[in-house]
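Quick notes on the structure that follows.
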Amino acid sequence: MLGPIAHRRPVMTRLLVALVSAALSVTTAGAAHAELQRLYVLDCGTNLGKDQSRWSPGVNEGKPIEFSDNCYLIRHTKGLLLWDTGISDAVAAMPNGLVTANGAIIQSRAKTLAAQLTGLGVKPADVTYVAVSHTHGDHVGNIALFPTSTVLIQGAEYEWAMAGQNKPAFAATQKIEKLAGDHDVFGDGSVMILSTPGHTPGHQSLLVKLPKTGNLVLSGDAVHFQDNWTHKRVPSMNTSKDQTVASLERIAKVLADEKATLWINHDKPQSATLRYAPGFYE
0 MLGPIAHRRP VMTRLLVALV SAALSVTTAG AAHAELQRLY VLDCGTNLGK DQSRWSPGVN
60 EGKPIEFSDN CYLIRHTKGL LLWDTGISDA VAAMPNGLVT ANGAIIQSRA KTLAAQLTGL
120 GVKPADVTYV AVSHTHGDHV GNIALFPTST VLIQGAEYEW AMAGQNKPAF AATQKIEKLA
180 GDHDVFGDGS VMILSTPGHT PGHQSLLVKL PKTGNLVLSG DAVHFQDNWT HKRVPSMNTS
240 KDQTVASLER IAKVLADEKA TLWINHDKPQ SATLRYAPGF YE
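Here numbering that gives the first Met the number 0 is used: position 273 in the sequence shown is 272, and no number is missing along the way.
Written as structure tokens, this is what we have:
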């Protein structure tokens, strides 16, 4: 009797070890996502374009188009990330909005970013990182509201922007972290900055892996609205058509590989379906 029992013990031991290892593997895999807690969608203004063909060359010439402009606050156990800062809060006090781009665009704001953060109990000093998709005014309009935050920006974008006439108004005390490609914001793979140049030299998008909602890609201005995404159109103001096409292909691959949903920042019909703060996504 001792022989068969003794023979079975190593087998049972190996089986137990395998089961424990599998359980630990599942726990470890879920741990990274468990640290990512919430994503809030913030209303960061509206852009009214007088001629849609500025963004879709040869299509809908002379037809106006209204764009949403969202910012996103991401809560992680290692800190808060604000993705884009939107149109300047000062525009909220302008009844007729702010005319930009040589009259091609009118910017407006119904709510200030500051007020929306206050409504969530968040002070500017609480924001660990501010990452901007790029440095156009409707994305960096409130960058200086966060003087103690670290700004995450592609080095190519920073150099390009600071060499131009319309320099972003960074706060003097902000730490500028110049990235050189993709970046794991919190070090656990749950929030990944993706290099997607083309709209500007250092444009970037964001992959967010929410534990309940699933994976999202925040487009920035890699694409402006659904019809352009469907037909892979390149806006006339983009700095590189080739880079834009490559970035659109890359985003499509990320969506497929990660089984992610694309949130197109300026697509107003899609934005109308989103849950805005104080609501949130987990």
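In this text, a Cβ means the ideal position worked out from N, Cα and C, and glycines have one as well.
For Asp-181 and Ser-52, the gap between their C-alpha atoms comes out near 31 Å. As the crow flies, the alpha-carbon of Ala-109 is around 14 Å from that of Glu-65.
The C-beta distance from Val-216 to Leu-261 rounds to 5 Å, short enough to fall under 8 Å. In the structure shown, Gly-188 adopts coil according to DSSP, grouped into three states. With fewer than 16 neighbouring CB atoms inside 10 Å of its own CB, Met-161 falls in the exposed class. For Gly-213, the uninterrupted beta strand (DSSP E) run begins and ends at 213-217, by DSSP.
About 6 Å separates the Cβ atoms of Val-207 and Leu-38, confirming a contact at the 8 Å cut-off. By the Cβ test, the segment 72-81 is not in contact with the segment 92-107, since fewer than three Cβ pairs between them sit closer than 8 Å. Between Ala-276 and Leu-41, the gap from beta carbon to beta carbon is short of 8 Å.
Here Thr-149 carries a strand assignment [DSSP, helix/strand/coil]. Where Trp-228 is concerned, the enclosing alpha helix (DSSP H) starts and stops at 225-230.
Put simply, the backbone Cα of Gly-188 is about 26 Å away from that of Lys-122. Membership of Ala-114 in any beta strand (DSSP E) is not indicated; the residue belongs instead to the alpha helix (DSSP H) covering 112-118. Residues Leu-193, Leu-206, Val-216, Ala-259 of the same chain have their beta carbon placed closer than 7 Å to that of Val-253, with the five preceding and five following residues left out of the count. Annotated three-state conformation of Lys-177 is strand, per DSSP.
Residue burial annotation: Ser-246 is buried, with at least 16 other C-beta atoms found within 10 angstroms of its C-beta.
When C-beta atoms of the segment 218-234 are compared with those of the segment 159-179, fewer than three pairs fall below 8 Å, so the two segments do not count as touching. Close CB contacts of Gln-36 within its chain, under the 8 Å cut and outside five residues either way in sequence, are with Arg-74, His-75, Thr-76, Glu-281 (chain order). Annotated three-state conformation of Gln-269 is helix, per DSSP. The C-alpha of Ser-132 is placed about 7 Å away from the C-alpha of His-138.
Fewer than three Cβ pairs drawn from the segment 54-61 and the segment 102-116 lie within less than 8 Å of each other, which leaves the two stretches out of contact. Our two residues, Gly-201 and Lys-62, have alpha carbons roughly 30 Å apart in a direct line.
According to DSSP, Phe-66 shares a beta bridge with Asn-46.
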